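Peer 1: My questions will all concern the structure given below.
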Amino acid sequence: MALPLSNEKLQEALDAYAKHGNQRQAAAALGIPRVTFQARLDSARVRLNVGGLTSKIDATLQGQVKRLEAELKRANQQSADAAAIKAIIGGLCERTATLEAPRWLNSKLSKASSPGVPTLFLSDFHWGEVVHPGQINGVNRYNLAIARDRLQYTVETGIHLCKILDRDMDYPGIVVPLGGDMISGNIHEELAATNELNTMPTVLDLYGQLIVAIERLADAFGHVFLPCVTGNHGRDTRKTWAKDRHHTSFDWLLYQFLAKHFERDRRITFFIPDGSDAAYRIYDYRYLLTHGDQFSGGDGMIGALGPIIRGDHRKRSRNMQIDMEYDTLLLGHWHQLMMLTRLIVNGSLKGYDEYAYTGNFPFELPTQGLWVTHPRHGITYRMPVYATSQPKPKSKDWVSIQR
20 MALPLSNEKL QEALDAYAKH GNQRQAAAAL GIPRVTFQAR LDSARVRLNV GGLTSKIDAT
80 LQGQVKRLEA ELKRANQQSA DAAAIKAIIG GLCERTATLE APRWLNSKLS KASSPGVPTL
140 FLSDFHWGEV VHPGQINGVN RYNLAIARDR LQYTVETGIH LCKILDRDMD YPGIVVPLGG
200 DMISGNIHEE LAATNELNTM PTVLDLYGQL IVAIERLADA FGHVFLPCVT GNHGRDTRKT
260 WAKDRHHTSF DWLLYQFLAK HFERDRRITF FIPDGSDAAY RIYDYRYLLT HGDQFSGGDG
320 MIGALGPIIR GDHRKRSRNM QIDMEYDTLL LGHWHQLMML TRLIVNGSLK GYDEYAYTGN
380 FPFELPTQGL WVTHPRHGIT YRMPVYATSQ PKPKSKDWVS IQR
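Residue numbers (the numbering used here): 20 to 422.
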């Protein structure tokens, strides 16, 4: 008389069936005949039927099979998408992920009076989002037509300010960090319901506009260097992934197609690292570009400054341990232009919106950051670049005290 099978053997049969979804594959995985596997499965059902558990086990197994099938389908789809992207972009991803800084970033000034290398920080466009003036007391409006005008206005204003600093435009080139949240995305229900376009048409629209902007900057400055990081709004996942963050972001895809477009233009260099930070130098001055969504919270009267400074401190400690110290941290995300020595926080092209209004956040015009890096003095000439003309101040009589 054969001894009854152990619970371990029966559990092994159940696990194999849950994993493979059918008896033939499960039996093959265990290296036993299908008839033997069927007998073990029946024994498991009989033994575990105490208290009427058989139906529950079957339901659990069916649920596991369905879940595994869904996961396999998603994995196959992601693999197909990745293969399609690689086929289109080719080897460009590998090249742009490795920093080969252009020589002009460290070239000597042509004359002692030359200002250095300007940086125009572009981030937080939220392209495709619609801001309704009636919902924020009329202080701002935003849509695709306005976004196109603001991008052009920002580029032309940046060039104009640099001409004020140096009439001869004696700059070796310009650095243009792309700091993420370039599109609005559908990460919230309200955005999916109110965005002017869906995600992919929005990416295409911004792609065309950025081509024009980058070409204009290359014509004005001779060279353009674009370090790029992704934001949290362009993702196609429910939450931002720590693993493979860039490859789940439409920001990254936008950068890659821009790099592909300018692949033969030697004036233009892209740096698109695989991680969430981009480290680069201008002369010997070290910058670290990140989006800023890693920092969260707020502290009463000082608002965003508290979590940003704490986040900068943690990031500096981490980078010191891996021999990647930096002088200034660059980040967007917070939509408030703050130009300090140790960190620069960018404004937004979108400007004030319903979220800021409802949260009673301080008002700020749509603004991007501009500054110059000098080989001896580091950062100089910090300047806001307003993405739209500023309203004229209301005329008020000054209070005077008679003698």
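Glycine included, each C-beta is placed from N, C-alpha and C at the ideal position.
Keep in mind that this is a model prediction, so the values were computed, not measured.
(1) Per DSSP, what kind of secondary structure is Val149 in: helix, strand or coil?
(2) Beta-carbon of Ile291 versus every beta-carbon of chain C: anything under 9 Å?
(3) To the nearest angstrom, how far is it from the Cα of Gly71 to the Cα of Thr55?
(4) Can you tell me which of the three DSSP states Tyr161 falls into?
(5) Verify whether the separation of the beta carbon atoms of Ile287 and Ala237 is less than 9 Å.
(6) What's the gap between the Cα of Val404 and the Cα of Gly388?
(7) Helix, strand or coil for His393? Go by DSSP, reduced to three states.
(8) Rounded to whole angstroms, how far is the Cβ of Gly253 from the Cβ of Asp296, which I believe are closer than 8 Å?
(9) Should Lys28 be labelled buried (16 or more other beta-carbon atoms within 10 Å of its own) or exposed?
(10) Pick helix, strand or coil for Thr377, following the three-state DSSP scheme.
(11) Can you give me the Cβ contacts of Gln42 inside the same chain, cut-off strictly under 8 Å, excluding the 5 residues immediately before and after it?
(12) Quick one: using the 10 Å Cβ neighbour count with 16 as the cut-off for buried, is Val69 buried or exposed?
(13) So, His145 versus Leu368, is the Cβ gap smaller than 9 Å?
(14) Quick one: what's got a C-beta closer than 6 Å to Leu163's C-beta in the same chain, skipping five residues either side?
(15) Does the beta-carbon of Gly204 have 16 or more other beta-carbons within 10 angstroms, so that it is buried, or is it exposed?
(16) Could you tell me if Asp423 is buried or exposed, where buried requires 16 or more neighbouring beta carbons within 10 angstroms of its beta carbon?
(17) Whose C-beta lies closer than 7 Å to the C-beta of Ala63 among residues of the same chain, with five residues either side of it excluded?
(18) With DSSP collapsed to three states, give me the class of Pro196.
(19) Going by DSSP, what residues sit across from Cys247 in a beta bridge?
(20) So, using beta-carbon positions, are Ile155 and Tyr371 closer together than 9 Å?
(21) Taking all protein chains shown into account, decide if Gln340 is buried (16 or more other Cβ within 10 angstroms of its Cβ) or exposed.
(22) Hey, how far is the Cα of Gly40 from the Cα of Ala48?
(23) Leu350 to Arg86, Cα distance in whole Å?
Peer 2: With the structure as the only source:
(1) Position 130 of the sequence shown, counted from the start, is the residue given in the question as residue 149. Here Val149 sits in coil by DSSP.
(2) No chain C appears in the structure shown, which is made up of a single protein chain.
(3) On the sequence shown, residue 71 is found 52 positions in, with the first residue counted as 1. On the sequence shown, residue 55 is found 36 positions in, with the first residue counted as 1. With a pLDDT of 47 at Gly71, under the threshold of 50, the predicted position of this residue should be treated as unreliable, and no value is reported.
(4) Residue numbering aside, residue 161 sits at position 142 when the sequence shown is read from its first letter. DSSP places Tyr161 in strand when its eight states are reduced to three.
(5) As a working note, residue 287 is residue 268 in the sequence shown. As a working note, residue 237 is residue 218 in the sequence shown. The answer is yes: Cβ separation under 9 Å.
(6) If you number the sequence shown from 1, residue 404 lands on position 385. If you number the sequence shown from 1, residue 388 lands on position 369. When rounded, the distance between both Cα atoms is 6 Å.
(7) Here the question's residue 393 lines up with position 374 in the sequence shown. His393 falls in the strand class under three-state DSSP.
(8) The residue you call residue 253 lines up with position 234 of the sequence shown. The residue you call residue 296 lines up with position 277 of the sequence shown. The C-beta distance from Gly253 to Asp296 rounds to 17 Å, too long to meet the 8 Å contact threshold.
(9) Here residue 28 refers to the residue found at position 9 when the sequence shown is read from its first residue. Lys28 comes out exposed.
(10) Taking the first residue of the sequence shown as 1, we reach residue 377 at position 358. DSSP places Thr377 in the helix class (H, G or I) of the three-state scheme.
(11) Locating residue 42 in the sequence shown gives position 23, where the first residue counts as 1. Only residues of its own chain outside the window of five on either side were considered, and among them Tyr36, Arg53, Phe56, Gln57, Leu60 have a CB closer than 8 Å to the CB of Gln42, listed in chain order.
(12) For this step, residue 69 is matched to residue 50 along the sequence shown. At Val69 the pLDDT is 45, less than 50, meaning the model places this residue with poor confidence and gives no usable figure here.
(13) Walking along the sequence shown from the start, residue 145 turns up at place 126. Walking along the sequence shown from the start, residue 368 turns up at place 349. Result yes, Cβ atoms of His145 and Leu368 sit closer than 9 Å.
(14) Residue numbering aside, residue 163 sits at position 144 when the sequence shown is read from its first letter. Shown here for Leu163: same chain residues with a beta carbon closer than 6 Å to its own, the five before and five after excluded, namely Glu215 in chain order.
(15) If you number the sequence shown from 1, residue 204 lands on position 185. Counting Cβ neighbours within 10 Å, Gly204 comes out buried, since at least 16 surround it.
(16) Past the boundaries of the shown model lies residue 423; the chain is included only from 20 to 422, so the question cannot be answered.
(17) By 1-based counting over the sequence shown, the position of residue 63 is 44. Cβ neighbours of Ala63 within its own chain (closer than 7 Å, five residues either side excluded): Leu29, Ala32, Leu33.
(18) Stepping through the sequence shown from its first residue, residue 196 is reached at position 177. In the three-state reduction of the DSSP assignment, Pro196 falls in the coil class.
(19) As a first step, residue 247 is located in the sequence shown; it is residue number 228 there, counting from the start. As DSSP reads the structure, Cys247 sits in a beta bridge with Leu197.
(20) On the sequence shown, position 136 is the one that residue 155 refers to. On the sequence shown, position 352 is the one that residue 371 refers to. Yes. Within cutoff.
(21) Position 321 of the sequence shown, counting from 1, holds the residue named residue 340. Gln340 is exposed by the Cβ-count criterion.
(22) Locating residue 40 in the sequence shown gives position 21, counting from the first residue. Locating residue 48 in the sequence shown gives position 29, counting from the first residue. Distance between Gly40 and Ala48, taken at the CA atoms: about 12 Å.
(23) As a working note, residue 350 is residue 331 in the sequence shown. As a working note, residue 86 is residue 67 in the sequence shown. The straight-line gap from Cα to Cα measures roughly 39 Å.
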